[in-house]
Amino acid sequence: MKETINPTESKSDPVEPSDEVVTKANELYWHSEESVNQLARELDLSKGMLYEILAPLPADAGCPSCDDGELSYPNRTARDRGFVSCATCGFEDEEDQVRALLELQDDLHATELGAPDDTAATRRPASSRDPAPHGAA
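Set out below in C-alpha coordinates:
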(Lines of atoms letter the chains of each structure in order from A and count residues from 1; the text may use other names and numbers.)
(Lines give C-alpha, C1' and ligand atoms only; values in the text may rest on other atoms or scores of the structure.)
Protein backbone atom coordinates (compact mmCIF):
# COMPACT_ATOMS: atom_id res chain seq x y z
CA MET A 1 0.00 0.00 0.00
CA LYS A 2 1.29 3.43 -0.97
CA GLU A 3 1.55 6.13 1.73
CA THR A 4 -0.20 9.38 0.87
CA ILE A 5 1.19 12.62 2.14
CA ASN A 6 -1.05 15.51 2.97
CA PRO A 7 0.63 18.55 1.38
CA THR A 8 -0.66 20.84 4.14
CA GLU A 9 1.14 18.87 6.85
CA SER A 10 4.81 19.38 7.47
CA LYS A 11 7.01 16.85 9.22
CA SER A 12 9.57 19.51 10.15
CA ASP A 13 9.40 22.97 11.59
CA PRO A 14 9.56 25.74 9.01
CA VAL A 15 13.06 27.04 8.51
CA GLU A 16 13.56 30.46 10.03
CA PRO A 17 15.08 32.95 7.60
CA SER A 18 18.64 34.08 8.23
CA ASP A 19 19.38 37.48 9.77
CA GLU A 20 20.57 38.59 6.33
CA VAL A 21 17.21 37.70 4.76
CA VAL A 22 15.32 39.44 7.59
CA THR A 23 17.41 42.60 7.13
CA LYS A 24 16.97 42.54 3.36
CA ALA A 25 13.22 41.91 3.65
CA ASN A 26 12.77 44.89 5.96
CA GLU A 27 14.95 47.13 3.80
CA LEU A 28 13.04 46.22 0.63
CA TYR A 29 9.63 46.38 2.27
CA TRP A 30 10.12 49.81 3.79
CA HIS A 31 12.24 51.43 1.07
CA SER A 32 10.87 50.09 -2.21
CA GLU A 33 7.57 50.08 -4.02
CA GLU A 34 7.66 46.33 -4.71
CA SER A 35 4.51 44.47 -3.78
CA VAL A 36 4.54 41.95 -0.95
CA ASN A 37 4.04 39.19 -3.54
CA GLN A 38 7.12 40.38 -5.48
CA LEU A 39 9.20 40.60 -2.32
CA ALA A 40 8.15 37.14 -1.16
CA ARG A 41 9.09 35.64 -4.54
CA GLU A 42 12.39 37.53 -4.65
CA LEU A 43 13.33 36.40 -1.14
CA ASP A 44 11.94 32.87 -1.60
CA LEU A 45 9.55 33.28 1.34
CA SER A 46 5.86 32.70 1.79
CA LYS A 47 3.82 35.88 2.25
CA GLY A 48 3.01 34.72 5.77
CA MET A 49 6.68 34.32 6.65
CA LEU A 50 7.49 37.69 5.09
CA TYR A 51 4.85 39.42 7.21
CA GLU A 52 6.12 37.56 10.27
CA ILE A 53 9.69 38.87 9.93
CA LEU A 54 8.84 42.48 9.12
CA ALA A 55 9.56 44.95 11.91
CA PRO A 56 7.51 48.14 12.37
CA LEU A 57 9.20 51.28 11.06
CA PRO A 58 10.07 53.71 13.91
CA ALA A 59 8.28 57.06 13.69
CA ASP A 60 10.91 58.79 15.85
CA ALA A 61 8.43 59.87 18.51
CA GLY A 62 7.59 58.67 21.99
CA CYS A 63 4.11 57.51 22.90
CA PRO A 64 2.00 60.29 24.45
CA SER A 65 -0.21 57.74 26.16
CA CYS A 66 2.17 55.50 28.09
CA ASP A 67 5.45 57.48 27.97
CA ASP A 68 7.32 54.15 27.81
CA GLY A 69 6.74 53.11 24.21
CA GLU A 70 7.95 54.39 20.89
CA LEU A 71 5.57 55.16 18.07
CA SER A 72 5.98 53.29 14.82
CA TYR A 73 4.28 52.50 11.54
CA PRO A 74 3.03 48.91 11.65
CA ASN A 75 3.02 48.62 7.84
CA ARG A 76 3.46 50.64 4.64
CA THR A 77 -0.22 51.50 4.36
CA ALA A 78 -0.15 53.02 7.86
CA ARG A 79 3.01 54.96 6.97
CA ASP A 80 1.51 56.26 3.73
CA ARG A 81 -1.68 57.33 5.52
CA GLY A 82 0.17 58.90 8.46
CA PHE A 83 -1.07 56.45 11.08
CA VAL A 84 1.16 55.55 14.06
CA SER A 85 0.83 53.09 16.90
CA CYS A 86 2.58 52.04 20.10
CA ALA A 87 3.42 48.36 20.52
CA THR A 88 3.79 48.85 24.29
CA CYS A 89 0.28 50.10 25.13
CA GLY A 90 -1.69 49.75 21.88
CA PHE A 91 -2.18 53.51 21.39
CA GLU A 92 -3.10 54.42 17.78
CA ASP A 93 -3.77 57.77 16.12
CA GLU A 94 -3.02 59.98 13.15
CA GLU A 95 0.60 61.06 13.11
CA ASP A 96 -0.14 64.77 12.60
CA GLN A 97 -2.40 64.88 15.65
CA VAL A 98 0.10 62.97 17.77
CA ARG A 99 3.00 65.23 16.78
CA ALA A 100 0.89 68.33 17.55
CA LEU A 101 0.01 66.87 20.96
CA LEU A 102 3.66 66.03 21.68
CA GLU A 103 4.68 69.57 20.72
CA LEU A 104 2.07 71.05 23.08
CA GLN A 105 3.26 68.76 25.87
CA ASP A 106 6.88 69.83 25.24
CA ASP A 107 5.89 73.52 25.27
CA LEU A 108 3.92 73.09 28.49
CA HIS A 109 6.79 71.23 30.13
CA ALA A 110 9.30 73.90 29.05
CA THR A 111 7.02 76.65 30.40
CA GLU A 112 6.68 74.84 33.73
CA LEU A 113 10.45 74.44 34.03
CA GLY A 114 11.23 78.04 33.06
CA ALA A 115 8.55 79.81 35.10
CA PRO A 116 9.73 81.53 38.28
CA ASP A 117 8.14 80.46 41.53
CA ASP A 118 5.67 83.30 42.16
CA THR A 119 4.45 81.98 45.49
CA ALA A 120 7.52 83.13 47.43
CA ALA A 121 7.45 86.63 45.91
CA THR A 122 3.78 87.24 46.67
CA ARG A 123 3.76 85.75 50.14
CA ARG A 124 4.36 88.21 52.98
CA PRO A 125 6.98 87.34 55.56
CA ALA A 126 5.51 85.69 58.67
CA SER A 127 6.55 88.65 60.88
CA SER A 128 4.35 91.09 58.95
CA ARG A 129 1.23 88.94 59.03
CA ASP A 130 -1.65 89.80 61.34
CA PRO A 131 -1.59 87.55 64.40
CA ALA A 132 -5.38 87.24 64.38
CA PRO A 133 -7.88 87.00 61.55
CA HIS A 134 -9.67 90.19 60.50
CA GLY A 135 -12.48 91.15 62.83
CA ALA A 136 -11.05 89.24 65.77
CA ALA A 137 -10.36 91.14 68.95
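With the numbering used here applied, the sequence shown closes on residue 139, and no number is skipped along the way. Glycine is no exception: its CB is placed at the ideal position from the N, C-alpha and C atoms. Bear in mind that the values here come from a model prediction, so they are computed numbers and not experimental data.
### Query
Which runs of the alpha helix (DSSP H) fall wholly inside the region 56 to 114 and span at least 4 residues, in chain order?
78 to 83
### Message
With H, G and I counted as helix, E and B as strand and the rest as coil, what does DSSP make of Asp46?
### Response
coil
### Message
Could you check whether Pro60 and Ser48 sit closer than 7 Å to each other, using their CB atoms as the reference points?
### Response
no
### Task
In the DSSP assignment, find the unbroken alpha helix (DSSP H) run with Val24 in it and report its ends.
Asp21 to His33
### Message
Taking a contact to mean a Cβ-Cβ separation below 7 Å, would you say Gly84 touches Glu97 in this structure?
### Response
yes
### Task
Use the C-beta contact count for Thr6: other C-beta atoms within 10 angstroms, 16 or more gives buried, fewer gives exposed.
Any reading at Thr6 must be qualified, since the residue scores a pLDDT of 45, below 50, and its modelled position is unreliable; the value itself is stated next. Label assigned to Thr6: exposed.
### Task
Look at the alpha carbon of Ser87 and the alpha carbon of Tyr53, and state the distance between them as a whole number of angstroms.
17 Å
### Closest residue to Ala102 among Ala63, Asp82 and Leu115 (Cα-Cα distance)
Ala63
### Query
Can you round the beta-carbon distance between Pro39 and Leu56 to whole angstroms, since I take them to be within the 8 Å contact cut?
Reading off the sequence, residue 39 comes out as Asn, not Pro. With a Cβ gap of about 14 Å, Asn39 and Leu56 do not count as contacting.
### Task
Closer than 8 Å by C-beta to Leu104: which residues in its own chain qualify, once you throw out the five before and the five after it? Chain order, please.
Ala63, Gly64 and Pro66
### Query
Does DSSP classify Glu54 as helix, strand or coil?
helix
### Message
Quick check: the Cα distance between Glu36 and Val23, rounded to an integer number of angstroms?
### Response
16 Å
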